[in-house]
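Input: a single structure, listed below in structure tokens.
2 protein chains.
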Amino acid sequence: MKASLGANTILLPTPTMVVGTYDSSGRPNVMTAAWGGICCSVPPCVAVSLRKATYTYGNIVDKGAFTVSIPSELFVREVDYFGIVSGRDIDKFEVTGLTAVHSEVVNAPYVGEFPLVLECLVLHTFEIGLHTQFIGEILDVKIEDDMQDERGNPDPQKVLPCTYAPGAGAYYGLGKKLGKGFIVGREAYMGR
Amino acid sequence: MKASLGANTILLPTPTMVVGTYDSSGRPNVMTAAWGGICCSVPPCVAVSLRKATYTYGNIVDKGAFTVSIPSELFVREVDYFGIVSGRDIDKFEVTGLTAVHSEVVNAPYVGEFPLVLECLVLHTFEIGLHTQFIGEILDVKIEDDMQDERGNPDPQKVLPCTYAPGAGAYYGLGKKLGKGFIVGREAYMGR
Numbered sequence: 610m611k612a613s614l615g616a617n618t619i620l621l622p623t624p625t626m627v628v629g630t631y632d633s634s635g636r637p638n639v640m641t642a643a644w645g646g647i648c649c650s651v652p653p654c655v656a657v658s659l660r661k662a663t664y665t666y667g668n669i670v671d672k673g674a675f676t677v678s679i680p681s682e683l684f685v686r687e688v689d690y691f692g693i694v695s696g697r698d699i700d701k702f703e704v705t706g707l708t709a710v711h712s713e714v715v716n717a718p719y720v721g722e723f724p725l726v727l728e729c730l731v732l733h734t735f736e737i738g739l740h741t742q743f744i745g746e747i748l749d750v751k752i753e754d755d756m757q758d759e760r761g762n763p764d765p766q767k768v769l770p771c772t773y774a775p776g777a778g779a780y781y782g783l784g785k786k787l788g789k790g791f792i793v794g795r796e797a798y799m800g801r
Numbered sequence: 610m611k612a613s614l615g616a617n618t619i620l621l622p623t624p625t626m627v628v629g630t631y632d633s634s635g636r637p638n639v640m641t642a643a644w645g646g647i648c649c650s651v652p653p654c655v656a657v658s659l660r661k662a663t664y665t666y667g668n669i670v671d672k673g674a675f676t677v678s679i680p681s682e683l684f685v686r687e688v689d690y691f692g693i694v695s696g697r698d699i700d701k702f703e704v705t706g707l708t709a710v711h712s713e714v715v716n717a718p719y720v721g722e723f724p725l726v727l728e729c730l731v732l733h734t735f736e737i738g739l740h741t742q743f744i745g746e747i748l749d750v751k752i753e754d755d756m757q758d759e760r761g762n763p764d765p766q767k768v769l770p771c772t773y774a775p776g777a778g779a780y781y782g783l784g785k786k787l788g789k790g791f792i793v794g795r796e797a798y799m800g801r
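Going line by line, the protein sequences match chains A and B.
Here this note's numbering runs 609 ahead of the position in the first sequence, where the first position is 1.
Here this note's numbering runs 609 ahead of the position in the second sequence, where the first position is 1.
Rendered as structure tokens:
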């Protein structure tokens, strides 16, 4: 039987997107966001929702650009830290020892040690409520070259991305492969 | 070293959101969407991006409501099938034997066998490109009562949600718990 939890933001799972920006003095900053996801195929776009109070919000409004670095599970402590403190007060790259790499594509930095990076220009800004949604057009995707599969795509079992579970308030890794898209459903219900 | 993949929609991982709607004759339909995620905390909102060509698009425009059912990994074949065929041609509930349950909160059906459900009213509709983004205000969240943790929240390791990996084009389960949010980062970098 189902229990009601009321009006709540519990989707399982959410991504852990580390949003990279420069501030007005050119200092690189990162924050972790779980509110967002891919939102369009043509042009390829990713949505990231931020509160106006965040340092990253002002940076994106100012520069019109951001990156999304996807951490492997090895970096769960850094990912969590990036979501706790503000870049107004702290240089998060300095504290964690991670490397700010300048994107060659957009005016924003990404985390060099993280395996997967999306480099984005702001295409739209939508006001929803407490959160503002930035729609970033993805100009390039970068992946560590030893984490590509045989077709060149990011191999999820090499990237080992973090995920987040709202409600439970915990991070989880990626589990076993369940099946191929557009194959397992076809085989089960449309013959072979 | 990082390799460039060009402009692409590869975020790891994406959710597998099964979007439930009624058509103009009141027949329940579901489709699987990986483009979307939580987009606001107040009011609590989830974003789902759909192509205008989908049957679900017209249903949402018509009814102003939808549900998002989160499948457990046991249902990966049904999840994939729901993303392959159109409700214009096929009754997906009839073919799979799954149960359409009428939401008591919004004018939309959900999948009774899936553990976690978000019941949504359309708050905004944003045109982005090939995809239109529907922002649904989450009026209620429902969870199977034997999958709640000690605080009542959905226990990810009981729900066992599917995730999807664009690029690789495969479904993955949820992996091991990596740590608690707002705890592991604090302990590592801010003392105890």
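Quick reminder that beta carbons are idealized off the backbone N, C-alpha and C, glycines included.
For MET626/B, the nearest CB of chain A lies under 9 Å from its own CB, placing it at the interface with that chain. Taken in chain order, the complete beta strand (DSSP E) segments of 3 or more residues contained in the region 705 to 754 of chain A are 709 to 711, 718 to 720, 725 to 736 and 740 to 753. Of the candidates GLY738/B, LEU748/B, ILE747/B and GLY778/B, GLY778/B places its Cα closest to the Cα of ASP764/A. Cβ-Cβ separation between GLY629/A and PHE684/A: approximately 14 Å, too far for a contact (criterion under 8 Å).
In the DSSP annotation of this structure, the continuous segment of the alpha helix (DSSP H) that includes LYS767/A starts and ends at 765 to 768.
Minimum Cα-Cα distance from LEU787/A among the listed residues ALA656/B, VAL670/B, GLU687/B and LYS672/B corresponds to GLU687/B. Annotation: VAL651/A is outside any beta strand (DSSP E) and is labelled neither H nor E by DSSP. With respect to VAL731/B, GLU753/B sits apart: the two C-beta atoms are not nearer than 9 Å.
At the C-beta level, SER658/B and CYS649/A come within 9 Å of one another. In this structure, THR665/A places its C-beta atom within 9 Å of the C-beta atom of MET640/A. At a cut-off of 9 Å between beta-carbon atoms, ASN762/A makes contact with chain B. Secondary structure of ALA777/B (DSSP, three-state): coil.
Apart from the 5 residues on each side of it in sequence, GLY776/B sits with its Cβ closer than 6 Å to the Cβ of ILE619 in its chain, given in chain order.
Around ASN668/A, the same chain offers THR630, TYR631, ASP632 and ASN638 as residues with beta carbons nearer than 7 Å, after the five sequence neighbours per side are excluded. Taking 9 Å as the cut-off, the beta carbon of VAL694/B is found no closer than this to the beta carbon of MET626/B. Within the same chain, Cβ atoms closer than 8 Å to the Cβ of SER681/A are found at PHE723, PRO724, VAL768, LEU769, PRO770 and CYS771, the five residues on either side in sequence being excluded. Distance from VAL710/B to GLY721/B at the Cβ level is roughly 4 Å; contact confirmed, criterion being Cβ atoms closer than 8 Å.
In this structure, the CA atom of LEU707/A is about 51 Å from the CA atom of ARG697/B. Of the residues VAL726/B, GLY761/B and CYS654/B, the one whose Cα lies closest to the Cα of THR741/A is CYS654/B.
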